[in-house]
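> To start, I am sharing the structure in question, which I have written as structure tokens.
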Amino acid sequence: MSILSVTFHSPLDQLEAWQEYTQNVLPEMIGNLMDVEKYMLSDVESEMINEGHNTNLLLIFDSAEKRKDFVEIELLNISELIEQKFGDSIMIFTTYLNPQINKL
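Using the working numbering, read the sequence shown as starting at 1 and increasing by one per residue.
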């Protein structure tokens, strides 16, 4: 199992359009991904965020190779589509989660 966390940061002035995008467009894109075993799209609730809003996409893959392929191909495509819609206002951060102990 291999896990990837992708965080999308939206500034407050894009929040309404971003929320609509995450409710309508992004889930459809994610649902069409072939190598994703499981995923969870969620709003990030944190006291540390007051200059915008974060949305997180947690993806579970069968292997590190499939995760790597996703980042190099699919995430690049998703990022380009987001950039076409929002310009450079949505920041995208990836975090590779490598379990030390796996109880999932």
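The beta-carbon is built from N, C-alpha and C at its ideal position, and this holds for glycine as well.
What is the rounded straight-line gap between the Cα of residue 22 and the Cα of residue 52?
Whole-angstrom Cα-Cα distance: 15 angstroms.
> In the DSSP assignment, find the unbroken beta strand (DSSP E) run with residue 11 in it and report its ends.
Run containing residue 11: 2-11, per the beta strand (DSSP E) assignment.
> Go to residue 79, then tell me how far its beta strand (DSSP E) extends in each direction, as first and last residue.
No beta strand (DSSP E) holds residue 79; the alpha helix (DSSP H) holding it covers 75-86.
> To which residues of the same chain is residue 18 closer than 6 angstroms at the C-beta, ignoring the five residues directly before and after it?
Once the five neighbours on either side are set aside, the close Cβ partners of residue 18 are 10.
> On the three-state DSSP scale, how would you describe residue 71?
The answer is helix: DSSP assigns residue 71 an H, G or I state.
> Please list, in chain order, all residues of the same chain as residue 63 whose beta carbon is under 6 angstroms from its beta carbon, the five residues on each side excluded.
Result list for residue 63: 2, in chain order.
> Are the CB atoms of residue 39 and residue 59 nearer to each other than 8 angstroms?
Yes, these two residues count as a Cβ contact at 8 angstroms.
> Taking only the alpha-carbon atoms, compute the straight-line gap between residue 12 and residue 90 and give it to the nearest angstrom.
Their backbone Cα atoms lie some 11 angstroms apart in a straight line.
> Whole angstroms are fine: how far does the CA of residue 67 sit from the CA of residue 61?
Each residue's Cα considered, the two are about 6 angstroms apart.
> In this structure, how does DSSP classify residue 54 when only helix, strand and coil are distinguished?
In the structure shown, residue 54 sits in a strand (DSSP, three-state: E or B).
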